[in-house]
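Reading through the structure tokens given below for one structure.
In mature numbering (1 follows the signal peptide of the UniProt record, and there is no 0), the protein residues as written are -16 to -1, 1 to 335.
Structure (structure tokens):
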């Protein structure tokens, strides 16, 4: 686990310089589980004294009474604390891999060659988690979603959806808002909460029809129409309708299920087909698709004719360009001759 070292700013105040006193830079610390914290601390004594021993204590409730217990005697603190102070005036302490049970009051004591001194006051450490809540966790498109990050630390909070920053903590849900949400405390080594999933329900969208059975439909052949859509939850009902190719004023229900099979294909099956997909949230229709029996020979002739016409055009196009170019040159030459004759005649007449 990556440790985060928190150095909290000292509250405004004047450090005491009286003999046998202990001063804490900040009496209230807040940190996240798994991180590290450093208590800034200073102590003073008379010039005649020499420091022999320093100790940090945790306040523990025993028989209904708050008692000071040395950190060295509490098993859960083993290998998790480091005295960063000295035997002069610095009494700072580091705690690592913070746990919920580390929450509480802390005290400092130092002993000199003459006296034993201990802090009159204490500092308080609050160890907290970041807990993300999404309300409600399952919502229909258009309904309001509220994001809340619970923590006892007063730190700037940002929201993430699948790792991407979210600007609003309350919004009307759209299909693209579905995902895993987590909150994070800003800083050089941000702490992130466990993710919470948001499930957004929406009716079928992008409803379309896929036609299979060959490019050419003839009488007696078979064709499958498949209805596809995107929905949450997935579409669980499909209804097929057909209208005459010449009119779209009335629809006739012709089947149900995601796949509509027409076999054998007859001329009476000709028409515009539409699929309606639905789920518990709503329903939507596809665009219309024309399904019609064709005469194979005529269709082949038309296709062949188009291909031949394309080849002829490709062959004749260069020839047409050359002819147009020659015609343009001839016209230009004739204009020049006509212009020269006119000028010669004019000169002759005025000699």
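For each residue, glycine too, the CB sits at the ideal point set by N, CA and C.
Values in this document were obtained by computation on a predicted structure and should not be read as measured data.
Tell me whether residue i is buried or exposed, calling it buried when 16 or more other Cβ atoms sit within 10 Å of its Cβ.
i: residue 49; result: exposed
i: residue 86; result: buried
i: residue 15; result: buried
i: residue 276; result: exposed
i: residue 208; result: exposed
i: residue 19; result: buried
i: residue 175; result: buried
i: residue 34; result: exposed
i: residue 151; result: exposed
i: residue 136; result: exposed
i: residue 94; result: buried
Quick one: residues in its chain with C-beta nearer than 8 Å to the C-beta of residue i, no 5 flanking neighbours on either side, listed in chain order?
i: residue 121; result: 180, 181, 182 and 183
i: residue 159; result: 125, 184, 186, 189 and 216
Which residues in the same chain as residue i place their Cβ atom closer than 7 Å to its Cβ, once the five residues preceding and following it in sequence are excluded?
i: residue 266; result: 187
i: residue 234; result: 227
i: residue 52; result: 41, 43 and 91
i: residue 30; result: 3
i: residue 194; result: 210 and 212
Leaving out the 5 sequence neighbours to the left and right, which residues in its chain are closer than 6 Å to residue i when beta-carbon positions are compared?
i: residue 117; result: 132
i: residue 119; result: 130
i: residue 221; result: 262
i: residue 251; result: 277
i: residue 65; result: 55 and 79
Rounded to whole angstroms, how far is the Cβ of residue i from the Cβ of residue j, which I believe are closer than 8 Å?
i: residue 12; j: residue 108; result: 5 Å
i: residue 82; j: residue 67; result: Not quite, the Cβ-Cβ distance comes to about 17 Å (not below 8 Å), so this is no contact.
i: residue 206; j: residue 245; result: 7 Å
i: residue 192; j: residue 212; result: 5 Å
i: residue 75; j: residue 6; result: 7 Å
i: residue 111; j: residue 17; result: 6 Å
i: residue 134; j: residue 115; result: 4 Å
(message) Does the region 160 to 167 come into contact with the region 240 to 255, if we say contact requires no fewer than three beta-carbon pairs (one atom in each stretch) closer than 8 Å?
(response) no
(message) Using 8 Å as the cut-off, can you tell me whether the region 88 to 106 makes contact with the region 128 to 148, which would need three or more C-beta pairs spanning the two stretches below that distance?
(response) no
(request) Output the residue ranges of the beta strand (DSSP E) runs that lie fully inside the region 89 to 152 and measure 3 residues or longer, sorted by chain position. (result) 100 to 102, 107 to 112, 115 to 119, 122 to 124, 128 to 134, 141 to 145 and 148 to 150
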